[in-house]
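Just so you know, we're using the working numbering here: the sequence shown kicks off at 186 and counts up by one.
Glycine included, C-beta positions come from ideal geometry on N, C-alpha and C.
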Amino acid sequence: MAFLTVAFPSQLSFARAMGNITGVRKVSTTSSVHFAATHVEAPEKHNIPLPPRHKHEEVTHTLPPQKLEIFKTLEKWAESNLLPRLKPVEECWQPTDLLPDPASESFHEEVGELRRRSRELPDDYLVCLVGDMVTEEALPTYQTFLNNLDGIRDETGASLTPWAVWTRAWTAEENRHGDLLNRYLYLTGRVDMKKIEKTIQYLMRAGMVHRLSRSPIDDCPPIE
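The following block contains the structure:
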């Protein structure tokens, strides 16, 4: 057997929290190649992942009123220039558009063809797809981060401010990507989905320590 461990960037905070790295293990067998996402064992006394051992300082609101006012005055601009770029849901592709239709009479034949074609995929491609899927499935963590930023957070969970509307629309967009990758990998039969699902659950339960302030101005990378 050959083993390969790959760490994904979005999991590094989880890895630091648990004292290990989550990744993908490749196990070569005589019949096929199986990919299993390794997970970190929790301490024996606790069957749940624990937060980092050091205490994190609470980050309070960092934007002074005059800077908060900047985002308030930009709301009209965002409504006119950002929100119109959002495509209506009925015009968006969905994962089922790109996968065998379970309601179709030819569903089983289409799945069989998908599995036959996936056998030709190199192992490295599957490692990449698993890493992408794990990253996409941690989406709630990323939305939580955005909702911690002063001036643009979604205060109610259904706020109608343009920043909140955009954040929810971005989250919905990314969610489709994760759904597509998850279902495709499941149908190929080339990966150990249960172990990958455990890795995703560990990652989401551990959360992410981004160590950034709550200022969307300071946290944005400079435009070159």
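Check your understanding: Looking at the unbroken alpha helix (DSSP H) that takes in Ala343, where does it start and where does it end?
Key -> Element bounds for Ala343: n/a, residue is neither H nor E.
Exercise for review: Apply the 10 Å Cβ neighbour rule to Glu294 and answer buried if 16 or more other Cβ atoms are within range, or exposed otherwise.
Suggested key: exposed
Review point. Given that a residue counts as buried once 16 or more other Cβ atoms are within 10 Å of its Cβ, and exposed if not, what is Thr215?
Key: Its pLDDT being 32, under 50, Thr215 is placed unreliably by the model, and the measurement read from it follows with that caveat. That one is exposed.
Exercise for review: Look at the alpha carbon of Thr384 and the alpha carbon of Leu324, and state the distance between them as a whole number of angstroms.
Suggested key: The straight-line gap from Cα to Cα measures roughly 14 Å.
**Study point:** For Ala288, three-class secondary structure by DSSP
**Key:** coil
Review point. Taking all protein chains shown into account, do 16 or more other C-beta atoms lie within 10 angstroms of the C-beta of Phe292, making it buried, or fewer, making it exposed?
Key: With fewer than 16 Cβ atoms within 10 Å of its Cβ, Phe292 is classed as exposed.
**Study point:** Contact belief for Glu321 with Glu264 at Cβ below 8 Å, rounded distance in angstroms
**Key:** Actually they do not touch by this definition, with Cβ atoms about 28 Å apart.
Exercise for review: For Arg368, collect the residues of the same chain with a Cβ closer than 8 Å to its Cβ; drop the 5 residues on either side in sequence, then sort them by chain order.
Suggested key: In its chain, beyond the 5 residues on either side, Pro280, Leu284 have a beta carbon closer than 8 Å to the beta carbon of Arg368.
Check your understanding: Taking the C-alpha atoms as reference points, what is the distance between Lys379 and Leu372?
Key -> 13 Å
Review point. Using CA coordinates, which residue listed in Asp377, Gln328, Arg375 is at the minimum distance from Gly392?
Key: Gln328
**Study point:** DSSP-derived helix/strand/coil call for Ile337
**Key:** In the structure shown, Ile337 sits in coil (DSSP, three-state: anything other than H, G, I, E or B).
Review point. According to the neighbour-count rule (16 or more other Cβ atoms, all chains shown, within 10 Å of its Cβ), is Tyr387 buried or exposed?
Key: buried
Exercise for review: Under the assumption that Val376 contacts Val319 (Cβ atoms under 8 Å), give the Cβ distance between them as a whole number of angstroms.
Suggested key: With 8 Å as the limit, Val376 and Val319 do not qualify as a contact, their Cβ atoms being about 11 Å apart.
Check your understanding: Which residue from Met389, Gly374, Val394, Thr247 puts its Cα closest to that of Arg301?
Key -> Considering only alpha carbons, the answer is Gly374.
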